[in-house]
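Note sheet for the following structure.
Numbering (the working numbering), first residue to last: 1 to 145.
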């Protein structure tokens, strides 16, 4: 008897939390530097893969698919699309290949319920995220007069 109202409350609470999170992310994006935007992409990728891992473990097929889909979009439409192929030369080409591989492995993880593939993707992207974070203070510092 009490489960139905509780379910509505939980659903409504989740909706409000989602809206609050979306506004927070939009605020971060609006105020971020170009370097900060890429950092947000890396962080969003890690969060999406973590959600996918949890959904895979709980056998929530829908949530797993949504989270992996978000991770793929972040890599393909965010990180990969942001590469400067002319100015970046071989490094940009190598990163593009790596991002393509990560997208392929994420898709395989989704199709095969393969947590090891998710772990591999995190292992491949983590050093890039750490390196990007390490240069942040130098990139975001104001230029000397």
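Cβ atoms here follow ideal geometry from the backbone N, Cα and C, with glycine treated the same way.
Counting C-beta pairs closer than 8 Å gives three or more between the segment 73-88 and the segment 40-58, which meets the contact rule.
Between residue 52 and residue 32 a beta carbon distance of about 24 Å is seen, past the 8 Å cut, so the two are scored as non-contacting. A straight-line Cα-Cα distance of about 7 Å links residue 118 and residue 49. In this chain, residue 80 is not harboured by any alpha helix (DSSP H), its DSSP state being neither H nor E.
Less than 7 Å divides the Cβ of residue 83 from the Cβ of residue 96. Taking C-beta atoms as the reference points, residue 106 and residue 71 count as a pair closer than 7 Å.
Restricting attention to 120, 123, 113, 124, the CA atom closest to the CA of residue 61 is found in 113.
Taking the CA atoms as reference points, residue 138 sits about 43 Å from residue 59.
The beta carbons of residue 128 and residue 102 sit no closer together than 7 Å. Here the alpha carbon of residue 110 sits roughly 12 Å from the alpha carbon of residue 121. According to the DSSP assignment, residue 58 belongs to no alpha helix (DSSP H), since it is labelled neither H nor E. Taking C-beta separations shorter than 7 Å and ignoring five residues to either side along the sequence, the partners of residue 98 in its chain run 124, following chain order.
Scanning its chain for C-beta atoms nearer than 8 Å, with the 5 sequence neighbours on each side dropped, one finds around residue 135 the residues 35, in chain order.
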